[in-house]
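Student: Have a look at this one before I ask anything.
Numbering (this note's numbering), first residue to last: 5 to 585.
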């Protein structure tokens, strides 16, 4: 695999762009937009201990291991055995690479007393020796460390300038991508003050101490033929080599997601209209000491791990063992997630690095672990190593990076009781997408906690205060009762609930008594109705009797009249005839 980026054609004017060689150093290729200029010399300058030698050695090692480009390291100060031991802590096996003819280390001893300043002084011997080393392994990369030792005895600027131009010109003719290291001067980038003018790319390394905290930074002074990052960038040297963090990509063009992930607290999910936080958003949980900020963060992480997501927990106050033990007391088994490879802790004191170094370390850990959820607990401790504005700037860069990666992040922050406007010390509350505030509610000799959702961009949220309770079974939010004197929590809430229950029982008893009284009246009414009905039936029966007797009497009268009528209507002789017969 070649590390050289091919020349690209501009669609408008068909102009070739500068070819570049990837360094393989984390972050540097992003800052340089493709690496160092191919076939041209690059000057790396800086003070003692800033990492010039390690920087150039990693350039060679990465080229040999990752891009198949052998390299030559010509040292004028340290011997090969010393270099091999120095970079072994970074995981680089120079001895093995030399056996495989991927890297060749050549040590040249220069004695200043032997250098005579004459017009015949030149570098022809160096060119022969370096040319042989390059040809012996087919090197594509070359490092000269350091140039001061090469020209240590020269004071004639004319000779120095001429030999520098010859050296840089010779390297270009060989077509190798070269790095030359140099010590910074008092008023110039290098001691001679000439190298930066003949180099195509100049990178300045800086190692500064601020408030007794060490910080390393990198800046590209110039880069002929191409655009590049121009700001200062922090870089970290650890057991895996050098990591440079490009922290100034602050364009507001980040991707967003409409997917929501649960908070880890069921009642808290219900306070958001979408049932949780947006994926890739930033959340702040702030409150005074002891309000449960870490518990909220751990609950969020626990739920994410239960859903099969990878989580990275940065602790600046407690060790991983403390956090795991403490969360176990409230029903969360974080150790199981660690064992499953879903949860990783990164714990360190803020004073271990400067702010920029912490940012680099966080950036590197995230790139390595590739989590979906990140927690920083608490960011307030970072105030001890930087001003409020510096911490805010660092968090802005971190949020920017996490949004690009679509990683959901939760910060915890300590607020002080004397902060009236509820702003966190870091001023980060205006930067985050969601803000949870836990406040102390003191009354009746008790100290309870109330949780507010102060903001949630892009979704509706509850404006109610909920009592935040931490118990053996986990975290829960209870409805807050309103009494004559305001919000009721803790025992006051329980007393209010008991009072309500007592009042409800008295009310129920009164209703039961009324029901019984009504039932008695109903029975009395029904009794009176039955009595009246009986009286009515008796009267009705008596009346019916009269009607019946009257009817019978009328019928008898009608029958009697009919019989008399019949008797009167018969002839007189008829009876005699009947008698004769």
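Backbone N, C-alpha and C define an ideal beta-carbon position, used for all residues, glycine too.
1. Let me know the secondary structure DSSP gives residue 337 once reduced to three states.
2. Using the Cα positions of residue 212 and residue 469, report the straight-line distance between them to the nearest angstrom.
3. Are the Cβ atoms of residue 338 and residue 327 separated by less than 8 Å?
4. For residue 220, which residues from the same chain have a beta carbon less than 6 Å from its beta carbon, with the 5 sequence-adjacent residues on both sides left out?
5. How should residue 173 be labelled, buried or exposed, when 16 other C-beta atoms within 10 angstroms of its C-beta is the threshold for buried?
6. Identify which residue in 408, 290 and 441 has its Cα closest to the Cα of residue 383.
7. For residue 185 versus residue 150, is the C-beta distance shorter than 8 Å?
8. Could you have a look at residue 54 and say whether DSSP puts it in helix, strand or coil?
9. Alpha carbon to alpha carbon, how far is residue 459 from residue 247? Give it in angstroms, no decimals.
10. Counting pairs of Cβ atoms below 8 Å between the region 257-277 and the region 59-72, do you hit three or more?
11. Can you tell me where the beta strand (DSSP E) with residue 412 in it begins and where it stops?
12. Taking the alpha carbon of residue 324 as the reference point, which residue from 380, 524 and 269 has its own alpha carbon closest?
13. Decide if residue 121 is buried, meaning its Cβ has at least 16 other Cβ atoms within 10 Å, or exposed.
14. Taking the alpha carbon of residue 65 as the reference point, which residue from 28, 79, 51 and 83 has its own alpha carbon closest?
15. Assess, as a yes-or-no matter, whether the region 262-269 is touched by the region 389-400 under the definition of 3 or more beta carbon pairs within less than 8 Å.
16. If you drop the 5 nearest sequence neighbours on each side, which residues of the same chain put their C-beta closer than 8 Å to that of residue 573?
17. Do you know how far the Cα of residue 277 is from the Cα of residue 14?
18. Would you give the residue range spanned by the alpha helix (DSSP H) that residue 134 belongs to?
19. State the DSSP-derived secondary structure class of residue 271, mapped to helix, strand or coil.
20. Measuring alpha carbon to alpha carbon, tell me which of 360, 562, 476 and 370 ends up nearest residue 218.
21. Comparing the CB of residue 510 with every heavy atom of the ligand GDP, is any distance shorter than 7 Å?
22. Cutting at 6 Å between CB atoms, please list the residues of its own chain near residue 413, excluding the five before and the five after it.
23. Mind reading off the beta-carbon distance from residue 474 to residue 296? Whole number of angstroms is fine, and I expect it under 8 Å.
24. Alpha carbon to alpha carbon, how far is residue 37 from residue 179?
25. From the DSSP secondary-structure annotation, give me the bridge partner or partners of residue 221.
26. Between the C-alpha atoms of residue 223 and residue 60, what's the straight-line distance to the nearest angstrom?
27. Terminal residues of the continuous alpha helix (DSSP H) containing residue 88?
Tutor: Walking through what the data contain:
1. coil
2. 48 Å
3. yes
4. 211 and 239
5. exposed
6. 290
7. yes
8. coil
9. 36 Å
10. no
11. 412-418
12. 380
13. The pLDDT assigned to residue 121 is 47, lower than 50, so where the model puts this residue is not dependable; a value taken from the coordinates is nonetheless given after this. When all chains shown are included, residue 121 counts as exposed.
14. 28
15. no
16. none
17. Low local confidence applies: a pLDDT of 45 at residue 14 is under 50, so the model's placement there is unreliable, and no value is given.
18. 128-141
19. helix
20. 360
21. Because no ligand of any kind appears in the structure shown, any question about the ligand GDP cannot be addressed here.
22. 286, 378 and 406
23. 5 Å
24. 21 Å
25. 210 and 238
26. 15 Å
27. 84-92
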